[in-house]
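Enquirer: Take any residue in the sequence shown, note its place counting from 1, add 49, and you have its number in this note's numbering.
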Amino acid sequence: MGLFSFGSKKNKVIKMLSEGDLEGILHSAAKDPKYVDTIVELLNEENPGIRGDALLLIGELTVRHKDLVMPYVEEGLPLTVLSLINDPDPYVKENAMQTFEFMLRYFPWVGEKFRNEITSLLLEILQAGDKNRKAFAILMLGRLKVKEALPLIAELKNVSDTVILPLEGIKWVPLGEIAKKIIKELGGDAND
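(1) Rank V208, A203 and G225 by C-alpha distance to the C-alpha of D238 and give the top, closest one.
(2) Ordered along the chain, which non-local residues of its own chain (more than five positions away) have a Cβ less than 6 Å from that of L91?
(3) Does DSSP put V222 in a helix, a strand or coil?
(4) Can you check whether the CB of L153 is closer than 8 Å to the CB of R113?
(5) Rank L205, K64, E143 and V212 by C-alpha distance to the C-alpha of I231 and give the top, closest one.
(6) Quick one: measure Cβ to Cβ for A184 and L214, integer angstroms, because I've assumed they're closer than 8 Å.
(7) Let me check understanding here. Comparing Cα to Cα, which of Q147, P127 and P137 lies closest to L170?
(8) According to DSSP, is V159 part of a helix, a strand, or is it coil?
(9) Which class does V208 belong to by DSSP, given the choice of helix, strand or coil?
(10) Note the first and the last residue of the continuous alpha helix (DSSP H) segment covering H76.
(11) Which value, in whole angstroms, describes the spacing of the CA atoms of S77 and K196?
(12) Just checking M65 against the ligand NAP - is the residue's beta carbon closer than 7 Å to any of the ligand's heavy atoms?
(13) Assign K80 to one of two classes, buried (16 or more other C-beta atoms within 10 Å of its C-beta) or exposed (fewer than that).
(14) Which of helix, strand or coil does DSSP assign to L104?
(15) Pull up the distance between the alpha-carbon of E143 and that of D116, whole angstroms please.
(16) Which value, in whole angstroms, describes the spacing of the CA atoms of K233 and G225?
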């Protein structure tokens, strides 16, 4: 626990989470930035349900009140969120995917500011992740126009296993189809 604990807000936010009052937390965060501090702090909680809920809240804050999230994004929050995609808990993993995608969408400069770190994390996920994580990494590498990922992506173009991602329109899509689409977008030859 840090020297300056946000104990009262942390306990209050955890209580609100246990009651399912996500809207109440978002409303409170819009009024008091200490709630945003607490939500970000909850990404370090041991309980995966709390970590997953914190990611969900950060995603919603990004969409609804991006000005509140901006200082954390500037300090590297997208890297923390991206690293949580490797969390073994599916709720944490899926909320991390969705929240990271929101951050790229609402803060387009993130991909440039943290390009090396994000690329490194995505390439790790592409090499070591399960099929859903690999599909996510391929999509994000495509969005960030990381052409150096083409050889790794090409290795997956014939994989017929279907993936389910918490992103719009990507459920039960073969991993190979995603790879081929991104290969084309990056200027590679999907037929090689």
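Note that the Cβ used here is the ideal one computed from N, Cα and C, for glycine as well.
Expert: This is what the structure gives:
(1) A203
(2) I99 and A103
(3) strand
(4) no
(5) L205
(6) 6 Å
(7) P127
(8) helix
(9) coil
(10) L71 to K80
(11) Approximately 42 Å, taken between the alpha carbons.
(12) This structure simply doesn't include the ligand NAP, nor any ligand for that matter.
(13) By the neighbour-count rule (16 or more Cβ atoms within 10 Å), K80 is not buried but exposed.
(14) helix
(15) 24 Å
(16) Near 12 Å, if we compare the C-alpha coordinates of G225 and K233.
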